[in-house]
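Using UniProt numbering, read the sequence shown as starting at 1 and increasing by one per residue.
Each residue gets a CB set at the ideal place from its N, CA and C atoms; glycine is no exception.
Computed from a prediction, not measured in an experiment: that's the story for all the values here.
The block underneath contains the structure these notes are about, expressed in structure tokens.
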Amino acid sequence: MLCFLSPDGFKNYAVGHCVFNSSEMKDIEYICSFYYNKDEFIRFSSSVGEFVGYTELGVKIAERWNNDTAFLAMARAEKETVCKVNIENCAHRSRLEKPGSVTPPGGKHTHMLMCSVYDFFPKHISVKWLRDGKVTTSDVTSTEELADGDWYYQIHSHLEFTPRSGEKISCMVEHISLSDPLIRDWDPSLPESERNKIAIGASGLILGLILSLAGFIYYKRKMQGQSAGPVQTSSDQFNLFCLGHWTSLYLCSPVLVSLYRSRPP
Numbered sequence: 001m002l003c004f005l006s007p008d009g010f011k012n013y014a015v016g017h018c019v020f021n022s023s024e025m026k027d028i029e030y031i032c033s034f035y036y037n038k039d040e041f042i043r044f045s046s047s048v049g050e051f052v053g054y055t056e057l058g059v060k061i062a063e064r065w066n067n068d069t070a071f072l073a074m075a076r077a078e079k080e081t082v083c084k085v086n087i088e089n090c091a092h093r094s095r096l097e098k099p100g101s102v103t104p105p106g107g108k109h110t111h112m113l114m115c116s117v118y119d120f121f122p123k124h125i126s127v128k129w130l131r132d133g134k135v136t137t138s139d140v141t142s143t144e145e146l147a148d149g150d151w152y153y154q155i156h157s158h159l160e161f162t163p164r165s166g167e168k169i170s171c172m173v174e175h176i177s178l179s180d181p182l183i184r185d186w187d188p189s190l191p192e193s194e195r196n197k198i199a200i201g202a203s204g205l206i207l208g209l210i211l212s213l214a215g216f217i218y219y220k221r222k223m224q225g226q227s228a229g230p231v232q233t234s235s236d237q238f239n240l241f242c243l244g245h246w247t248s249l250y251l252c253s254p255v256l257v258s259l260y261r262s263r264p265p
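Quick look at the structure:
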């Protein structure tokens, strides 16, 4: 709301906005500020629940508005009517991804990290890399602010490096929409998908070893059982051989003769 009161340039205006700390209504704050000649003199905050004056005139007006039950109830309802309907549009803005490993292009370093920032407006933004809490500018490359086509932008920054034991690497973003710099630390552990692949491979290897060991034990026991059976003499072996080969007439004639003589008449 903008209202010019006189030709000398003094103006009265009000600004209302929603602060989205998350998509939950309890974490959303509605603020409406009233200005005269660029100075804020009254503010309503849904966190406070009433109007607060910052000048002598503002204190008097705020007291009158707070005593107006209907007007105060309307101000308190603004959080629901103005902010709630815009949760899907605003709660996810200025999204900073955790730094992730990507394949380096080749050179003096073995690793490269990428830090991505999405859905921010206005365009100007600062993305910096921290190594053990200190800003580093060497081996850093960044894209320009890329327009998404919906008023919002994204940017990607890369850091080539050689890992050092115990080193902490972070990505820091500064933007007008943030009250404090936003920092995300790099997690050097493997991603969950890679950990799952390793776990599945290790499980398969262990299962294969167990099956191989079980087969070996079974084979050894079987061989021990055969070696513990009755010992056959050369004559027994000869007779068994001949009983299985009736066509070997000349070789097995003694067995055939014996069987023939033992037949009943």
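Nearest-angstrom Cβ-Cβ length linking residue i and residue j, presumed shorter than 8 Å
i	j	result
S126	V173	7 Å
I155	S170	About 16 Å separates the two Cβ atoms, so there is no contact after all.
F44	G53	Not really, about 11 Å apart at Cβ, beyond 8 Å.
S46	K84	With a Cβ gap of about 11 Å, S46 and K84 do not count as contacting.
P97	S116	The question names Pro, but residue 97 in the sequence shown is Glu. Contact holds; Cβ gap of about 4 Å.
Span of the alpha helix (DSSP H) around residue i
i	result
W186	Unbroken run through W186: none, as it is neither H nor E.
T141	No alpha helix (DSSP H) contains T141, which is instead part of the beta strand (DSSP E) from 140-142.
V102	Here V102 belongs to no alpha helix (DSSP H); instead the beta strand (DSSP E) covers 100-102.
L57	56-67
With 16 other Cβ atoms within 10 Å as the buried cut-off, status of residue i
i	result
W151	exposed
S253	With a pLDDT of 39 at S253, under the threshold of 50, the modelled position of that residue is not reliable, and the figure given next carries that caveat. Classification of S253: exposed, given that the 10 Å Cβ count is below 16.
R221	exposed
H17	exposed
S157	buried
residue 283	The structure shown has nothing for residue 283, since the chain only spans 1 to 265.
A73	exposed
A77	exposed
L240	At L240, the pLDDT of 39 sits below 50, so the modelled position is not reliable; the number obtained from the coordinates is stated separately. When all chains shown are included, L240 counts as exposed.
A62	buried
A75	buried
Residue i: first and last residue of the uninterrupted beta strand (DSSP E) it sits in
i	result
M112	111-120
M172	169-174
I28	28-36
V15	11-20
G53	50-53
L178	That residue, L178, is in no beta strand (DSSP E); it is neither H nor E in DSSP.
R164	Careful: R164 lies outside any beta strand (DSSP E) and carries neither H nor E.
V135	134-136
I42	39-45
K128	126-131
Pair within 7 Å by beta-carbon distance, residue i and residue j
i	j	result
Y153	K128	no
F20	I31	no
N66	E50	yes
V48	S33	no
F120	H175	yes
V135	L159	no
Handout entry: Cβ contact check for the segment 156-163 and the segment 98-112: 3 or more pairs under 8 Å
Key = yes
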